[in-house]
Each structure stands twice: as C-alpha cells, then as structure tokens.
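Residue numbers (our numbering), protein chains in the order written: chain Y, 9 to 109; chain P, 9 to 109; chain H, 9 to 109; chain U, 9 to 109.
We treat Cβ as the ideally placed atom computed from N, Cα and C, and that holds for glycine.
All values derive from a computational prediction rather than experimental measurement.
Here the structure comes first, spelled out in structure tokens, and everything after it is commentary.
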C-alpha cells in the first residue's frame with residue numbers, strides 16, 4: 009500500500025525543518041521506497057512496514073517536543089507491484105505530458 | 009493519544025454506510041473510548057491500541073472492496089488522563105457556551 | 009456539502025484552546041449548521057459558504073501566529089437535504105444502536 | 009501559501025486516473041506553481057488563487073460522479089518568496105543528501 013504522512017510539532021518553533029530532518033533520516037534508512045514532497049512523505053510497503061516506520065518517525069519527533077500532530081493517508085488497492093511511480097505515469101499517459109514532481 | 013480516522017471504499021456504491029457500519033461495530037467492541045461524528049470516528053488509546061483497531065477496521069472494509077483510502081490524524085500530547093471530552097470542555101470554558109457535538 | 013476542518017497554530021504554545029476558541033466563535037456566529045468534536049469542526053453549507061467561513065477562521069488564527077496548518081475534508085454528494093445528522097443515523101439504523109457523539 | 013489536495017471520486021471505478029487527469033489539466037492551465045506526487049498535488053498561491061483552483065478541479069470531477077471526497081492541507085507561513093521547492097532544500101541541507109521527489 010501507499011501512505012503519505014506528515015508530522016507537525018506543535019508548541020516549538022515555526023521552523024520545523026530540524027525535526028522533520030530527524031524523521032526523514034529514519035525514512036531513508038528504512039529500506040522502503042519513498043518520495044519526499046513539500047507537504048509530506050510518501051512511502052510504499054505493507055501495513056506493518058509502513059506503520060512501524062511512521063511510529064518511529066512520530067516517536068523521534070515527539071521525544072523532542074510535548075505535542076505532535078501526525079496525519080496519515082493510506083491508499084490500499086488490490087493490485088500487484090509497486091505503485092509509487094506508476095500512479096503518476098498513468099495520469100501522464102492520459103494527458104500526454106510529463107508532470108512536475 | 010487521540011486519533012480520528014475515516015475509511016473510504018473507492019469503486020463501490022456512493023452509499024458507504026453499510027461498510028462504515030462494519031467498522032463502527034469493530035470500534036464499539038474494542039473497549040477503547042470513542043466518539044462518532046459525521047466525518048469520522050475519534051478514538052483514544054496508546055499508539056498500538058489505536059493503530060491495531062484502525063487496521064482491523066481498514067482490513068474489514070478492504071475485504072469487501074478492491075480499494076480503500078483511510079485517513080488518520082493523531083494528536084499526541086504529553087498530558088495525563090483522558091482528553092477525548094476535555095479538549096471540547098476547555099474550549100467551552102473559554103467561550104462560555106456549551107457546543108453542539 | 010459537509011466539511012470538517014481543523015486549524016493548528018505552529019510555533020506557539022502546546023495549548024491551542026485559546027486560538028481554537030477564536031475560530032469556534034466565528035463558526036457559532038456564521039449561521040451554518042455545525043458540530044464540534046475533539047479533533048475538528050464539521051460544518052454544512054455550499055462550497056462558498058463553507059470556504060468563506062473556514063477562511064475567516066484561518067485568518068483569525070493566522071493573525072495571532074506566524075504559521076498555521078489548516079486541514080479540510082469535504083464530502084460532497086448529490087443528495088438533497090441536510091446530512092450533518094443523517095449520516096450517523098444511517099449507520100445507527102444498520103447497527104441497531106445509538107452511537108456516542 | 010502552500011496547499012496539497014486530493015480528490016477521490018466515490019462510487020465509480022476503482023481506477024480513478026481518468027478523473028484525476030481532468031483535474032491535473034486544470035492545475036496545469038492555472039498558471040500556479042504546482043508539483044504532482046502519487047498521493048496528491050501541491051500548489052502555491054494566495055488563499056483565493058489556491059481555493060478557486062481546487063474548487064474548479066473538485067467541480068469538474070463532481071460533474072462526472074455523484075460523490076466526491078476532497079482533502080486539502082494548507083501550510084500558511086509569514087515568510088516571503090516561493091516555498092514549494094525551498095522546504096525540501098531546507099531539509100536536504102540539514103541531512104546533507106538530495107532526496108527522492
């Protein structure tokens with residue numbers, strides 16, 4: 009399944025890139041396929057793989073701040089093979105253009 | 009922690025209340041504190057309690073349909089005791105009115 | 009249409025109930041149907057009614073803090089009449105129990 | 009401000025790439041800065057620019073199906089200049105690596 013998540017530390021600085029970097033390092037070392045965008049991170053794996061990873065990211069940020077709001081959106085579809093790049097390709101084929109990622 | 013979640017079956021009927029009922033029954037039998045609103049369900053518990061419950065709900069709906077989109081928002085704060093009712097009370101005290109729930 | 013929204017001030021105190029109260033007062037005075045839950049507020053109205061209201065809430069919080077993250081989920085269905093209470097009733101009829109709101 | 013949005017047609021096919029393509033064409037023709045990821049589209053602009061665009065995308069999909077669930081997350085920060093690429097650069101500088109986008 010695909011899952012996008014974002015972690016917001018509440019009650020710290022407006023700039024959260026330091027804490028977000030902590031989480032991204034955990035994602036990079038997880039071995040799961042991932043893509044970072046300017047609003048969140050998309051990962052691909054089984055429910056347990058993905059949720060274990062998000063928990064570790066959440067806990068790492070939570071350890072540094074007293075309140076964390078984490079949002080997760082899961083897209084789980086009965087289809088074989090990786091979808092992290094294929095969903096965008098499928099749209100690109102329909103519109104006949106390469107999209108900015 | 010508090011978590012609100014909603015499960016959307018994609019590619020079935022527009023009316024999803026039958027599949028949503030499946031999930032709500034699992035929530036009711038979980039023993040966790042919960043509240044149902046017209047856009048999702050809020051539950052309170054530890055990360056593992058909450059995520060195990062959401063997984064069971066997601067899997068039950070996913071078994072009935074080929075694609076499911078599940079959204080989860082977690083509010084995790086270093087504060088003791090139940091927060092599921094207290095967050096609203098805290099707002100009510102500030103505005104001096106009881107709110108519609 | 010139905011829309012649930014939540015507004016998170018980033019870079020202020022962990023306790024956000026003061027700023028949330030600001031927004032709730034705007035909702036109460038809007039004349040739209042609404043329900044408050046412990047993770048957000050559900051409102052019912054047309055796209056413009058709902059989005060104008062959310063913009064006013066967002067702006068009021070944003071004026072008090074340098075960064076705000078606002079989440080909105082819209083459920084727009086071709087069906088007549090109010091849905092803010094009816095969605096839950098529909099589930100209650102299926103499971104044969106009144107739910108905690 | 010930055011906003012990520014995704015539009016889910018409910019009660020149609022599991023495959024939604026046709027309807028999503030409709031929306032992406034509207035985004036491409038809007039003149040706003042945007043990036044497409046496998047879970048949504050990020051756009052940058054003022055509240056009115058962004059919300060007018062999302063409304064047109066939502067309406068285009070809604071015209072083709074009886075129920076649509078649209079999710080929007082807004083990150084609004086008092087900082088000058090474009091942030092759509094800068095947020096990721098800021099994380100990349102901290103971790104010393106270029107990220108997959």
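Less than 9 angstroms separating the beta-carbons of residue 82 of chain U and residue 11 of chain U? yes
Please determine if the segment 83-101 of chain P and the segment 17-31 of chain H are in contact, where contact requires at least 3 C-beta pairs separated by less than 8 angstroms. yes
By DSSP, does residue 45 of chain Y sit in helix, in strand, or in coil? strand
Would residue 59 of chain Y pass as an interface residue toward chain P - the criterion being a Cβ-Cβ separation below 9 angstroms? yes
Restricting to Cα atoms, I'd like to know which of U/46, U/39, U/27 is closest to residue 92 of chain Y. U/46
Three-state secondary structure assigned by DSSP to residue 4 of chain Y: The requested residue 4 of chain Y is not part of the displayed model; chain Y covers only 9 to 109.
Give the interface partners of residue 22 of chain H over in chain Y, defined as CB-CB distance under 7 angstroms, in chain order. 18, 19, 74, 75
Thinking C-alpha only, which one of P/60, P/101, P/16 is nearest residue 40 of chain P? P/60
Using the Cα positions of residue 38 of chain H and residue 50 of chain P, report the straight-line distance between them to the nearest angstrom. 25 angstroms
State yes or no: is the beta carbon of residue 79 of chain P nearer than 9 angstroms to at least one beta carbon in chain U? yes
Return no unless some Cβ of chain H is closer than 9 angstroms to the Cβ of residue 67 of chain P. no
Chain Y contacts made by the segment 41-54 of chain U, where a contact means CB separation under 8 angstroms: 42, 43, 44, 45, 46, 47, 48, 50
Closer than 9 angstroms, CB to CB, is residue 96 of chain Y near chain U or not? yes
From the DSSP output, in three-state form, read off residue 100 of chain P for me. helix
DSSP three-state assignment for residue 33 of chain U, whether helix, strand or coil: helix
Please tell me whether residue 36 of chain P has its Cβ less than 9 angstroms away from any Cβ of chain A. Absence of chain A from the displayed structure is noted, the protein chains being Y, P, H and U.
Which residue marks the beginning of the beta strand (DSSP E) containing residue 77 of chain Y, and which one marks its end? 75-85
Give me the chain Y residues within the contact set of residue 85 of chain P, using Cβ-Cβ distance strictly less than 7 angstroms, ordered along the chain. 74, 75
Taking C-beta to C-beta, are residue 18 of chain U and residue 18 of chain P nearer than 9 angstroms? yes
Skipping 5 residues on each side, what residues in its chain have a beta carbon closer than 7 angstroms to that of residue 42 of chain U? 35, 49, 50, 51
Alpha carbons only, please: which of P/55, P/76, P/29, P/90 is nearest the one belonging to residue 65 of chain Y? P/55
Nearest-angstrom Cα separation, counted from residue 103 of chain H out to residue 53 of chain U: 45 angstroms
Minimum Cβ-Cβ distance from residue 91 of chain Y to chain U less than 9 angstroms: yes
Just list the residues that DSSP pairs residue 51 of chain P with in beta bridges. P/11, P/42
Flag this pair as yes or no: are the beta carbons of residue 69 of chain P and residue 28 of chain P separated by less than 9 angstroms? yes
Verify whether the separation of the beta carbon atoms of residue 96 of chain H and residue 13 of chain H is less than 9 angstroms. no
Taking residue 108 of chain P as the query, report the chain H residues whose CB atoms sit under 7 angstroms from its CB, ordered along the chain. 42, 43, 44
Just the C-alpha distance for residue 33 of chain U and residue 99 of chain Y, rounded to the nearest angstrom, thanks. 10 angstroms
Residues bridged to residue 18 of chain U (per DSSP): U/75
Below 9 angstroms between beta carbons: does that hold for residue 77 of chain H and residue 15 of chain Y? no
Label residue 75 of chain U either buried or exposed according to how many other C-beta atoms from any shown protein chain fall within 10 Å of its C-beta, with 16 as the threshold for buried. buried
Chain-ordered chain H contacts of residue 63 of chain U [CB-CB under 9 angstroms]: 55, 56, 59
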